[in-house]
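Enquirer:
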Amino acid sequence: MDQALEGVKILDLSRVQAGPSCSQLLGFLGADVLKVEDTEGGDRTRWELAHRDDQDSVYFTIFNNNKRGITLDLKSKRGHEILVPLIEWADIVLENFSKGVMDRLGLGYNQLKEINPRVIHASIKGFGEYGPWSEFRSFETAAQATAGLMAANGHEDGPPLSAPIGAGDSGTGLHMAIGILAALRQRDSTGEGQHVEVSMQDGLVNLMRIRLLRSLSVGTPNRRSGGMGWSGIPSVFRSEGGGHDDYVMIHVRGALWETILAVIGRSELIGDERYDTDEARGERGEEVREIIEEWTTQHSKYEAFETLANVGVWSGAVMSPEEVITNEHLIAREMIVDVEDDVRGDYRMIGCPIKMQKSPAVVKKAPRYSEHTDDVLVNMAGVSPDELPKLREEGVIV
Ligand SMILES: CC(C)(COP(=O)(O)OP(=O)(O)OC[C@H]1O[C@@H](n2cnc3c(N)ncnc32)[C@H](O)[C@@H]1OP(=O)(O)O)[C@@H](O)C(=O)NCCC(=O)NCCS
């Protein structure tokens with residue numbers, strides 16, 4: 119067994135990001151993921167955002183590595199019939215449709231378990247399958263709005279701000295991956311599958327725990343904390359060059375303050391009660407900024423970061439997304455990898471953040487639209503090769 123999840127079979131009806139990020143991660147760890155797309159062009163991410171002619175958008179490839187892909191019109195009688203042996207094959211059926219879609223397709227959990235009692239139905243919803251908002255559709259920023267993130271983020275006197283991160287989408291995918299693995303573990307002893315549900319709002323509320331602690335405890339009114347936080351202590355400083363992304367983050371708290379002063383050549387301020395506590399530094403935030411920037415503006419963000427990190431100060435060069443994808447450290451850790459693709463041409467991709475000592479992840483290409491339809495239908499769903507042209511003509515497959 120080369121990979122940890124080898125032999126785990128996922129029938130993946132999911133689209134966009136929340137579901138596909140989950141199945142991709144499990145695919146990195148060795149699961150066999152079979153993605154089913156509609157016959158109307160498939161997952162919308164194939165053509166949205168960074169789309170180039172005759173190429174899938176990177177929006178698609180970034181969330182769909184390590185999968186095979188087929189098309190099937192699940193609303194057609196024959197399409198539905200063809201799916202049945204694939205449900206029998208699967209350990210997991212994953213989807214992130216809006217509430218009610220699976221039932222309308224005749225694929226609700228009750229129907230799935232009649233076909234395969236061992237199957238785990240992994241269902242991602244925007245607001246869940248019960249509760250007053252459960253009928254609503256959702257996507258990243260709706261989750262950010264309703265999980266407290268947007269109201270918490272931003273500058274103190276400005277409007278709520280979304281964060282450019284897939285915390286709602288991929289965060290939900292991560293939670294679902296854990297739910298799936300837990301259900302698999304339970305199935306090992308009971309022999310039965312189950313229905314697992316994760317809502318985007320719930321998943322993001324879970325990731326917001328650290329920001330909700332004040333509401334649960336002291337209960338002070340909300341203040342946005344995208345910049346300096348509540349403390350007033352600055353944490354991001356200009357660095358040499360003064361360019362758009364020339365900044366370094368430095369954690370100017372607790373005992374680290376003295377180490378920082380020593381590194382930046384201001385040891386005479388050690389013990390100076392104007393700056394000696396977090397509260398004092400918060401009250402004199404602008405002075406603290408001036409003291410530190412006198413040094414950081416003489417150094418590149420990488421020099422400043424490495425110098426401080428070398429003596430144990432929590433810090434980080436503020437890297438642009440462009441710098442991230444060419445960063446030597448991330449390349450050394452296989453977080454930026456080159457994927458071989460005979461049709462699209464080899465491409466650069468984000469790797470797997472889980473490093474397994476005995477079974478390292480391998481990042482493989484994402485499927486072309488309908489790439490594996492014939493092979494899967496004939497070899498896994500019992501369709502005769504002679505029937506394929508008719509299915510194509512009738513629009514059951516592409
Ligand atoms: C993402 C979302 C907003 C998209 O909304 P939408 O485009 O209206 O899609 P829905 O999920 O409501 O419906 C999908 C439709 O495609 C159809 N469909 C999907 N795959 C199909 C297939 N292979 N063959 C035939 N029809 C298919 C469904 O049957 C459904 O049709 P219906 O509405 O007539 O029943 C919604 O699915 C949603 O809220 N999902 C849950 C939260 C989520 O994951 N959000 C996205 C995060 S990245």
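Numbering-wise (my numbering), the sequence shown opens with residue 119 and increments by one. C-beta: ideal position from N, C-alpha, C; glycine also. What you are looking at is a predicted structure, and each value in this text was computed from that prediction instead of being measured.
Use the C-beta contact count for GLN416: other C-beta atoms within 10 angstroms, 16 or more gives buried, fewer gives exposed.
Expert: So GLN416 counts as exposed.
Enquirer: Relative to the C-alpha of GLY291, which candidate in GLY276, PRO282, ASP306, GLU315 has its C-alpha closest?
Expert: That would be GLU315, whose Cα lies nearest to the Cα of GLY291.
Enquirer: Is the distance from the Cβ of LEU230 to the Cβ of ILE200 below 9 Å?
Expert: No, these two residues do not count as a Cβ contact at 9 Å.
Enquirer: In the DSSP assignment, what residue or residues form a beta bridge with TYR365?
Expert: TYR365 is bridged to ARG356.
Enquirer: Which ranges does the alpha helix (DSSP H) cover as unbroken runs of at least 4 residues, wholly within the region 155-238, from first to last along the chain?
Expert: If we require 4 residues or more, the alpha helix (DSSP H) runs fully inside the region 155-238 come out as 176-179, 195-207, 219-222, 227-233.
Enquirer: Looking at the structure shown, is LYS243 part of a helix, part of a strand, or coil, going by DSSP?
Expert: If DSSP states are grouped into helix, strand and coil, LYS243 belongs with the strands.
Enquirer: Taking Cβ to Cβ, would you say ILE210 is nearer than 9 Å to VAL126?
Expert: Yes, Cβ-Cβ distance for ILE210 and VAL126 is below 9 Å.
Enquirer: Taking only runs of the beta strand (DSSP E) that begin and end inside the region 243-329, which ones reach a length of at least 3 residues, in chain order?
Expert: With a minimum length of 3 residues, the continuous beta strand (DSSP E) runs that stay inside the region 243-329 are 313-317.
Enquirer: Using the three-state DSSP reduction, which class does LEU143 fall into: helix, strand or coil?
Expert: If DSSP states are grouped into helix, strand and coil, LEU143 belongs with the helices.
Enquirer: Mind checking PRO352: buried by the 16 CB within 10 Å criterion, or exposed?
Expert: Label assigned to PRO352: buried.
Enquirer: Please classify THR163 as buried or exposed, where buried requires at least 16 neighbouring CB atoms within 10 angstroms.
Expert: Flag for THR163 reads buried.
Enquirer: Assign LYS476 to one of two classes, buried (16 or more other C-beta atoms within 10 Å of its C-beta) or exposed (fewer than that).
Expert: Label assigned to LYS476: exposed.
Enquirer: Buried or exposed, going by whether 16 or more other CB atoms sit within 10 Å of the CB of VAL481?
Expert: That one is buried.
Enquirer: For a test of your reading of the model: does the CB of LYS185 fall under 8 Å from any non-hydrogen atom of ligand 1? Yes or no.
Expert: Flag unset: Cβ of LYS185 not near ligand 1.
Enquirer: Helix, strand or coil: how does DSSP classify ARG466 here?
Expert: DSSP places ARG466 in strand when its eight states are reduced to three.
Enquirer: Cutting at 6 Å between CB atoms, please list the residues of its own chain near GLU124, excluding the five before and the five after it.
Expert: So the qualifying residues of the chain are GLY148.
Enquirer: Could you check what DSSP says for ALA484 in three-state terms: helix, strand or coil?
Expert: ALA484 falls in the coil class under three-state DSSP.
Enquirer: Helix, strand or coil for ASP504, going by three-state DSSP, please let me know.
Expert: It is helical.
Enquirer: Quick one: grab the DSSP three-state call for VAL496.
Expert: Residue state, collapsed to three classes: helix.
Enquirer: Please confirm if the region 274-293 is in contact with the region 135-148, defined as three or more CB-CB distances below 8 Å between the two stretches.
Expert: Yes, they touch.
Enquirer: Quick check: does the Cβ of MET467 come within less than 8 Å of any heavy atom belonging to ligand 1?
Expert: No, Cβ of MET467 sits at least 8 Å from all heavy atoms of ligand 1.
Enquirer: Per the contact definition of three or more C-beta pairs closer than 8 Å, is the region 207-226 in contact with the region 169-183?
Expert: With a cut-off of 8 Å, the region 207-226 and the region 169-183 do not count as touching, because too few Cβ pairs lie within range.
Enquirer: When DSSP builds the beta bridges, which residues end up paired with SER349?
Expert: Per DSSP, none; premise fails for SER349.
Enquirer: How far does the alpha helix (DSSP H) with ASP396 in it reach, from first residue to last?
Expert: That run of the alpha helix (DSSP H) goes 396-401.
Enquirer: Can you give me the start and stop residues for the beta strand (DSSP E) that ILE454 sits inside?
Expert: Taken as a continuous stretch (DSSP letters only), the beta strand (DSSP E) holding ILE454 covers 454-457.
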